[in-house]
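Written below as structure tokens is the structure these notes are about.
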Amino acid sequence: MTASIRFERVNIRGFRNIQSLDFEPAPRLNVISGDNGHGKTSVLEAIYAVSTSRSFRAERLAEAIQTGAEAAVVRVQVRDGDLGREQRIALEPSRRSVTMDGKRPAKLAIYATRTPVVVFHPGDLVLVSGPASDRRTLLDRLALFLDPTSGDHRLRYTRATRERQRALLERGTNASDLPAFETLMVQHGTRLQQARRESAEALGAELEPAFRKMAPSTLEFTTSFVPGGSESPEEFARELASRRGQDARRKTASFGPQRDELELLIDGRSARRHASQGQQRLLTLAMKAAELACVRAARRAHPVLLLDDFSSELDPTRTGAVYDFLEGSESQIFVTTTRSDLFPTPAVHSADRVDWTVCDGRLERG
Amino acid sequence: MLPERLNKVIHLLARLPGVGEKTAQRFALFLATEAGDVANHLGAELTTLLDHIRPCDRCGNLADYDGTAAICDVCRDTRRDSNLLCIVARVQDLLAVERSGAMRGRYFVLGKLLSPLDGIGPEELPLERMINRIREDKVTEVIVATPPSVDGEATALLVARELEPTGIAISRIASGVPHGGDLEFADQITLGRAIDGRKAIDG
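Top line first, the protein sequences correspond to chains A and B.
So for the first sequence, the working numbering puts the first residue at -13; every next one is plus one.
So for the second sequence, the working numbering puts the first residue at 7; every next one is plus one.
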């Protein structure tokens, strides 16, 4: 049984240009329109923040506090299958705190997977065209759903790697603390490597069919995960020990999951370098559809979908694919667009769709 | 607004751990207005504190200094097992282990954890003193009770490596599920770590 996740009430205060906002979203489709700069994206960002404690924009979340406000607070009522709960995030200049039904969670990583949301925004094109780090971030986000300990291993691996690099730089390749940090890198690095491979496999299995649905059948799309390290502790340790000189000279660790790459190939060639703009857009959308499918399978719930700035890059192929995808989805959806009439959804029952207008940080129905 | 002298006291109090500007001001006003005798007593004690209290010469715990040596109560206690040594990072950790009542040996306080990013390399740690202590007391078993952070784990691994040639038994404290807690209420990360650090059942 796949449960549905629904936001039943959303309350936002002091968040970017939103002074105070309180609304009850439609269970299926919420189309939020308004001129640019009036707070459409802020609504999605606030929903994302309260669900994950993070921002999908590049900026730091603390900068979301409205000028003059002491804190930004987002509070939501969530229905998760048969259960209801309240989640809240409060952002202050130097700290953020989250609560679930009034209680602080033991671990942030666990809080972040309770109410699954998948966001799709214009910046996501870097997933296909950008550096490998963006694809690793996607794999890590998925890994949290498949193996909740993976985030902890990633933080510890990263810290141990930075400590080893500093020891190498300051005390050379025979420093007596290098074995200690390398042991920790092996311990956590092999686990991270395994978590990344497993999420790459899960994503890959969903990606290829998702792309086939959207793109002309003549194109062959495959993914290939290229690990930067090893899942074998012996091999990992051997590589680290033998690369000390090189890593000290180049000031970077040359072996390990920090060099993982998820290669996207169209007809066997790198999509990053060889795909057209249109193909890259379709691929990005396919990656989001695959992320949604993976989270749904891992969490056994339909994640909430946040679709930002739908109208910015209207092109007919992409739009058609998006409609098919959205209308077929059982997720609760929030979409922002400059003009709601550009967003017809004939297959969605009119009672299931609510159009909202944002003006000066206020939200009105219709 | 306030006399300069009082501002100075506030400024100094605010340097204490866990004390912010507002709490410091509250403390200072209390001392200045409502508790003249507390201020005088506190002042007198603080002036001579560092002359009388020092890290123990043997283990690093806090001890009375009599002008020639500082030996702490734990090191003086003859009923303790001197062959068993527990290595901790800070005096606070020693107190925590001591409260558990499970440690019947003695301690060695490292004072800090290995952390190259914060400029603390192996040479900043009192490893030589630790090894001397182990030789002198003919220690046969060492328990490393550094915290389960990356720096704490790295320090434990470094200590174990340094002690390897001595051939003595070295163990690391377990981390994981709290006693009396139901497994179903433990979070996945803590439980995951407990499973990683599982041990064989002696039957």
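C-beta: ideal position from N, C-alpha, C; glycine also.
What you are looking at is a predicted structure, and each value in this text was computed from that prediction instead of being measured.
Check: C-beta neighbour in chain A for residue 122/B, strict 9 angstroms; Outcome: yes
Check: Interface residues of chain A facing residue 163/B [CB-CB closer than 9 angstroms]; Outcome: 163, 165, 166, 167, 169 and 170
Check: Residue-level contact to chain A via CB, residue 26/B, 9 angstroms cutoff; Outcome: no
Check: Chain-ordered chain B contacts of residue 93/A [CB-CB under 7 angstroms]; Outcome: 193 and 195
Check: Bridge partner(s) assigned by DSSP for residue 371/A; Outcome: With chain A covering only -13 through 352, there is no way to say anything about residue 371/A.
Check: Cutoff 9 angstroms: residue 79/B Cβ touching any chain A Cβ; Outcome: no
Check: Which listed residue (198/A, 267/A, 344/A and 196/A) has its alpha carbon closest to that of residue 110/A; Outcome: 267/A
Check: Short-range partners of chain B found in the segment 128 to 156 of chain A, where Cβ spacing is below 7 angstroms; Outcome: 134, 135, 138, 142, 145, 146, 148, 149, 152, 153 and 156
Check: Chain B within 9 angstroms of residue 348/A, Cβ atoms only; Outcome: no
Check: Sequence ranges, beta strand (DSSP E) only - wholly within the segment 48 to 111 of chain A, length at least 3; Outcome: 58 to 66, 69 to 78, 81 to 86 and 103 to 106
Check: Residue 28/A classed as buried or exposed, judged by whether at least 16 other C-beta atoms fall within 10 angstroms; Outcome: buried
Check: Cross-strand partners of residue 288/A (DSSP beta bridge); Outcome: -10/A
Check: Interfacial residues, the segment 165 to 177 of chain B to chain A, with Cβ spacing under 7 angstroms; Outcome: 167
Check: Rounded C-alpha distance that separates residue 161/A from residue 198/A; Outcome: 53 angstroms
Check: Residue 21/A versus residue 215/A: straight-line alpha-carbon distance, rounded; Outcome: 47 angstroms
Check: Cross-chain neighbours of residue 96/A in chain B, by beta carbon under 9 angstroms; Outcome: 193, 194 and 195
Check: Limits of the unbroken alpha helix (DSSP H) element including residue 222/A; Outcome: 219 to 228
Check: Residues from the segment 146 to 161 of chain B in contact with chain A, defined by Cβ distance under 8 angstroms; Outcome: 156, 157, 159, 160 and 161
Check: Contact set between the segment 125 to 137 of chain B and chain A, restricted to residues whose Cβ is under 7 angstroms from the partner; Outcome: 127 and 128
Check: Residues from the segment 43 to 68 of chain B in contact with chain A, defined by Cβ distance under 8 angstroms; Outcome: none
Check: Buried or exposed by the 16-neighbour rule on C-beta atoms within 10 Å, applied to residue 107/B; Outcome: exposed
Check: Beta-carbon proximity check, residue 93/A vs residue 195/B, cutoff 9 angstroms; Outcome: yes
Check: For residue 147/B: DSSP bridge partner residues; Outcome: 90/B and 175/B
Check: Counterpart residues of residue 249/A in DSSP-defined beta bridges; Outcome: 210/A
Check: Coil, strand or helix - residue 48/B by DSSP; Outcome: helix
Check: Residue 133/B versus 117/B, 81/B, 123/B and 77/B, residue with shortest Cα-Cα distance; Outcome: 117/B
Check: Cβ-based neighbour list, residue 88/B, same chain, cut-off 8 angstroms, excluding 5 preceding and 5 following; Outcome: 111, 112, 143, 144 and 145
Check: For residue 20/B and residue 27/B, believed in contact at Cβ under 8 angstroms, the rounded distance; Outcome: 5 angstroms
Check: Residue-chain proximity (residue 198/B, chain A), Cβ-Cβ < 9 angstroms; Outcome: yes
Check: For residue 195/A, the nearest candidate out of 317/A, 207/A, 184/A and 124/A (CA to CA); Outcome: 207/A
Check: Environment of residue 78/B [buried if 16+ CB atoms lie within 10 Å]; Outcome: buried
Check: CB-CB length for residue 115/B against residue 66/B, believed under 8 angstroms; Outcome: 3 angstroms
Check: Contact check, residue 178/B vs residue 162/B, beta carbons under 9 angstroms; Outcome: yes
Check: Beta-carbon spacing of residue 14/A, residue 318/A below 9 angstroms; Outcome: yes
Check: Exposure of residue 236/A, with buried meaning 16 or more beta-carbon neighbours within 10 Å; Outcome: exposed
Check: In DSSP terms, what residue 113/B is bridged to; Outcome: 92/B
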